[in-house]
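All remarks here apply to the structure that follows.
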Ligand code: CTP
Ligand code: MG
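Right, here's the structure in full:
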């Protein structure tokens, strides 16, 4: 499931960022390509804003019959995902796996996707792609001075896809929607999702500078 109902405020521009062209194709097209190409994924649902008029401007037929559009985007990312999960509940069973992947992560590689699916396997809880934190981290005072250095041991940057069973994720999101990722909602149920090591190439496009980096990664061939 690919939430794509945001407006991309921080990137700016005339179109929502998921339609920004990277290497000649809309960002979201790159984001869903690996999903549509994977034999392990049966269906790909894109969650659009109800009034999205841009999706139709592009030809999606090349991605095949797995792809469907749901026009049920909500006010937040969590709302969009929950609306999507509810919209597909007639065709997706409670114990079916759902991978939620941001339209704004265009550089997901087949190797990263396969690692997630293989390592989560039949896990009780589910899991997410994440990159070990590499930077030196500082905790600031309110006056923006360094209070202290925070150890990066055991710290990870969450990415997507995030893989959970439909029933568990639906329950988790309907209980706590003030979360910025699916894992956060599952954690709030007291569960501990698995971290599957990824790397910085699966970046999220958040600011204009990320567009340049994402395009470079796409043109050079996706990461490991
Ligand atoms: N998203 C969504 N519904 C929303 C908000 C976000 O489906 N109401 C999606 C975005 O389209 C994106 C993903 O969630 O694919 C990650 O969100 P983010 O990077 O924050 O995108 P935007 O919300 O569009 O960007 P911004 O926060 O800068 O406005
Ligand atoms: Mg946002």
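Numbering (this note's numbering), first residue to last: 86 to 309. Note that beta-carbon positions come from the ideal geometry of N, C-alpha and C, so glycine has one too.
Any heavy atom of the ligand SAM closer than 8 Å to the beta-carbon of residue i?
{"i": "residue 190", "result": "For the structure depicted, the ligand SAM is absent and the ligand set comprises only the ligand CTP and the ligand MG."}
If you follow the alpha helix (DSSP H) that residue i is part of, which residue opens it and which one closes it?
{"i": "residue 282", "result": "Taken as a continuous stretch (DSSP letters only), residue 282 belongs to no alpha helix (DSSP H), being part of the beta strand (DSSP E) at 279-282."}
{"i": "residue 301", "result": "293-305"}
Which stretch, first to last residue, makes up the beta strand (DSSP E) that contains residue i?
{"i": "residue 243", "result": "241-250"}
{"i": "residue 213", "result": "212-217"}
{"i": "residue 271", "result": "Element bounds for residue 271: not the beta strand (DSSP E) but the alpha helix (DSSP H), 267-272."}
In chain order, what residues of the same chain have a beta carbon less than 6 Å from the beta carbon of residue i, not counting five sequence neighbours either side?
{"i": "residue 91", "result": "none"}
{"i": "residue 168", "result": "157, 159"}
{"i": "residue 131", "result": "87, 89, 154"}
{"i": "residue 202", "result": "125"}
Quick check on residue i: does DSSP put it in helix, strand or coil?
{"i": "residue 309", "result": "Because the pLDDT of residue 309 is 41, which lies under 50, any placement of that residue in the model is unreliable, and the question is left without a value."}
{"i": "residue 171", "result": "helix"}
{"i": "residue 110", "result": "strand"}
{"i": "residue 116", "result": "helix"}
{"i": "residue 160", "result": "coil"}
{"i": "residue 182", "result": "strand"}
Any heavy atom of the ligand CTP inside 8 Å of the beta-carbon of residue i?
{"i": "residue 153", "result": "no"}
Going by the DSSP bridge assignment, what does residue i pair with across the sheet?
{"i": "residue 233", "result": "224"}
Kindly examine the ligand MG and report whether one of its heavy atoms sits closer than 8 Å to the Cβ of residue i.
{"i": "residue 112", "result": "no"}
{"i": "residue 248", "result": "no"}
Keeping to the same chain, check which residues put their C-beta closer than 8 Å to that of residue i; ignore five residues upstream and five downstream.
{"i": "residue 304", "result": "108"}
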